[in-house]
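Q: Encoded as structure tokens, here's the structure I'll be asking about.
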Amino acid sequence: MKFYPETYKLPDVSMQPFIDADELWGYIQSTAKPTMEQVEKVIQHALSKNRLTLEETAVLINADTPEMIEMIKQGARTLKEQVYGKRIVLFAPLYVGNYCSNNCRYCGFKASNKSAVRKTLTKDELIENVKALEEHGQKRLILVFGEHRIYSADFIADTVKTVYSVKKDHGEIRRVNINAAPFDIEGFKIIGESGIGTYQVFQETYHPETYAKCHESGKKADYNWRLNALDRAMEAGIDDVGIGALFGLYDWRFEVMALLRHVNHFEACYNVGPHTISFPRIQDASEYDLDDKYKLTDQEFTRLIAILRLAVPYTGLILTARESRKVRDEVLSFGCSQIDAGTKLEIGAYSENPHVDQNLHKEQFKINDDRTLNEVIDELLDGDYLPSFCTACYRKGRTGQHFMEFSVPGFIKKFCTPNAILTLAEYIVDYATESTAKKGWQVIERNLNEMDDNYLPEVRNRIERIKQGERDLYF
Ligand code: SAM
Ligand code: SF4
């Protein structure tokens, strides 16, 4: 199989480009200076669990007085509580290799960065890193790859299979997501068959001219190949995909509109939106060479997450360790349902095995939150959140689960909360420090007290089974 076919033919209308920059700017311009009533009306529409239209989203983008912004954030908090409750799903990124033939101007892995030390984890190193992650209690990973012919579909599929095969004591990885290059349909099929969860490809910027400026050479220079990447994934049977934009490359207002347009595209073509949206914000990187014109303030960043929460109520929002703890703490209350924890971006850094050369540790960009998994869990518990490692839906074949959480009455009560409690109980028994364990049982007890009598006895029964040594009990 060729990594990139030279003469790729767009098979059908779902693969046609769907971003019209003038149209998106047109909505932003035509909704300028909205009134409080207009803004409130849009928020109410979102709170009735509707995905917002482009025009409604543009109204929220233009709502820029302090009162309006607070109203939007409050609306997002209400929606988040109604739809997602207190659960926060935890995962960790595992960088497998940083060879790259692209030249994204913002990324430390770019081909032209001669100071980057290139490294791909050997199979042994991969296994050691996965064991180390399991020893901390991780159950969900996202594997990250540079874009290079050595990271072929077969290589990625093999890596996924190896990760699933590694078991350390009670530890195992139950969901492997991928953030890697776009493939053709055949390539996506190979990767899909290895049993992945979500496949993520971020468009970085949806603005064609800015895209061209940031990606001058390499395969990633092809805007449409990337824009339609996840359509090819869907065609290949990967029905769980994640979109994203790298905020700071172009005007955040445009990117929010374009992300929504991308969601519309999926709904129109496949009757289901993407599983997740990510919104990495540009961080300093080795040989970073972009100006700061579109860099966002924390206020703009938290505001755009609140707008996204309202615009796409049923899509998971992922925040990463690129953000400071302060920003993370704020947006957890009104936007995000998934965060990474215990993150290390240097290749091979999870493993402490001395045969991994410390000089080879090279990271793609700087992170601002280096708390361990236990520290993050501890602080989530302090905030009365319910940390979750749940992987039940995709293993039970309940795909499109975020839509179900949103639309199937009682879904969260029946599945999500019990599964979050059971995975937290496992974490407490196997990995938590004494003080975290104490807080964890208290949070579990509070959640059990609010649980429907129909489910309570079985959940209590399963917690006892976990204490007796059984694992992986899910609904
Ligand atoms: N090579 C694949 C690709 O480009 O899609 C996947 C791996 S790439 C390392 C994953 C993501 O990291 C990119 O999609 C981009 O959004 C993000 N990224 C790159 N440079 C960054 C920077 N300086 N700050 C924050 N995020 C960055
Ligand atoms: Fe390579 Fe991805 Fe970095 Fe671009 S963002 S240089 S494709 S690793």
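No gaps in the numbering here: position 408 of the sequence shown is 413 in the numbering used here, and each next residue is one more. Heads up, the beta-carbon is just placed ideally off N, CA and C, and yes, glycines get one too. Fair warning: this is a prediction, and the values are worked out from it, not measured in the lab.
(1) Considering only their Cβ atoms, is the gap separating Thr125 from Ile449 smaller than 9 Å?
(2) Counting contacts by CB-CB distance shorter than 9 Å, is Tyr255 in contact with chain C?
(3) Exposed or buried, which one is Asn454 when buried takes at least 16 other CB atoms within 10 Å?
(4) Using 8 Å for Cβ pairs, my map puts Ala63 next to Thr36. What's the rounded Cβ distance?
(5) Tell me which same chain residues have a C-beta within less than 7 Å of the C-beta of Gly176, skipping the five on either side of it?
(6) Ile190: which of Val246, Arg180, Met239 and Thr167 sits nearest, CA to CA?
(7) Let me make sure I understand the geometry here. Which of Ile195, Ala226 and Pro279 has the alpha-carbon closest to that of Thr210?
(8) So within the stretch 139–182, which uninterrupted alpha helix (DSSP H) runs reach at least 4 residues, ignoring any that extend past its ends?
(9) Here's the rule: buried if 16 or more other CB atoms are within 10 angstroms of the residue's CB, otherwise exposed. What is Met41?
(10) If you measure from the CB of Phe114, is any heavy atom of the ligand SF4 nearer than 8 Å?
(11) Taking DSSP's pairing of strands, which residues face Tyr228 in a bridge?
(12) Please name the residue, chosen from Met262, Asp334, Gly31 and Leu378, that lies closest to Ile433 on a Cα-to-Cα basis.
(13) Specify the secondary structure class of Ile243 as computed by DSSP and reduced to three states.
(14) Please confirm whether Cys219 and Cys109 have their CB atoms less than 9 Å apart.
(15) Please determine whether the Cβ atom of Asn103 lies at a distance below 8 Å from any heavy atom of the ligand ADP.
(16) In terms of residues, what are the limits of the alpha helix (DSSP H) holding Ser199?
(17) Keeping to the same chain, check which residues put their C-beta closer than 7 Å to that of Gln43; ignore five residues upstream and five downstream.
(18) On the DSSP bridge assignment, give the partners of Glu209 in chain order.
(19) State the DSSP-derived secondary structure class of Arg92, mapped to helix, strand or coil.
(20) Using a Cβ-Cβ cut-off of 6 Å (strictly less than) and excluding sequence neighbours within five positions of Ala116, which residues of its own chain qualify?
(21) Just curious, the alpha helix (DSSP H) that Pro392 is in, first and last residue?
(22) At the level of alpha carbons, what is the spacing between Glu61 and His153?
A: Result, derived from the coordinates:
(1) Within the sequence shown, numbered from 1, the residue matching residue 449 stands at position 444. Within the sequence shown, numbered from 1, the residue matching residue 125 stands at position 120. Their beta carbons are not under 9 Å apart, which means Ile449 does not touch Thr125 by this criterion.
(2) In summary, chain C is missing from the structure at hand, where a single protein chain is found.
(3) Here residue 454 refers to the residue found at position 449 when the sequence shown is read from its first residue. The C-beta of Asn454 has fewer than 16 other C-beta atoms within 10 Å across all chains shown, which makes the residue exposed.
(4) The count along the sequence shown starts at 1 and reaches residue 63 at position 58. The count along the sequence shown starts at 1 and reaches residue 36 at position 31. Rounded, the Cβ-Cβ distance is 4 Å, consistent with contact.
(5) As a position in the sequence shown, residue 176 is number 171, starting the count at 1. Counting only Cβ-Cβ distances below 7 Å, and skipping sequence neighbours, we find Glu139 and Glu140.
(6) As a position in the sequence shown, residue 190 is number 185, starting the count at 1. Of the candidates Val246, Arg180, Met239 and Thr167, the one whose C-alpha sits nearest the C-alpha of Ile190 is Met239.
(7) Here the question's residue 210 lines up with position 205 in the sequence shown. That would be Ala226, whose Cα lies nearest to the Cα of Thr210.
(8) 158–170
(9) By one-based count along the sequence shown, residue 41 stands at place 36. It counts as exposed.
(10) For the purposes of this step, residue 114 is taken as the residue at position 109 of the sequence shown. At least one heavy atom of the ligand SF4 is nearer than 8 Å to the Cβ of Phe114, so yes.
(11) If you number the sequence shown from 1, residue 228 lands on position 223. Paired residue(s): none; Tyr228 is not in a bridge.
(12) The residue you call residue 433 lines up with position 428 of the sequence shown. Answer by Cα proximity: Leu378.
(13) In the sequence shown, counting from the first residue as 1, residue 243 sits at position 238. Here Ile243 sits in coil by DSSP.
(14) On the sequence shown, position 214 is the one that residue 219 refers to. On the sequence shown, position 104 is the one that residue 109 refers to. When the beta-carbon positions are compared, Cys219 and Cys109 come within less than 9 Å of each other.
(15) What this structure holds is the ligand SAM and the ligand SF4, not the ligand ADP.
(16) Position 194 of the sequence shown, counted from the start, is the residue given in the question as residue 199. Unbroken run through Ser199: none, as it is neither H nor E.
(17) Residue 43 sits at position 38 when you count from the first residue of the sequence shown. Val64, listed in sequence order.
(18) Working through the sequence shown from its first residue, we reach residue 209 at position 204. Per DSSP, Ala250.
(19) Here residue 92 refers to the residue found at position 87 when the sequence shown is read from its first residue. The answer is strand: DSSP assigns Arg92 an E or B state.
(20) As a first step, residue 116 must be located in the sequence shown, where it is residue number 111. Taken in chain order, the residues that qualify are Cys105, Ser106 and Asn108.
(21) Residue mapping note: residue 392 aligns to position 387 of the sequence shown, counting from 1. According to the DSSP assignment, Pro392 belongs to no alpha helix (DSSP H) but to the beta strand (DSSP E) extending over Leu391 to Ser393.
(22) Within the sequence shown, the letter at position 56 stands for residue 61. Within the sequence shown, the letter at position 148 stands for residue 153. Approximately 40 Å, taken between the alpha carbons.
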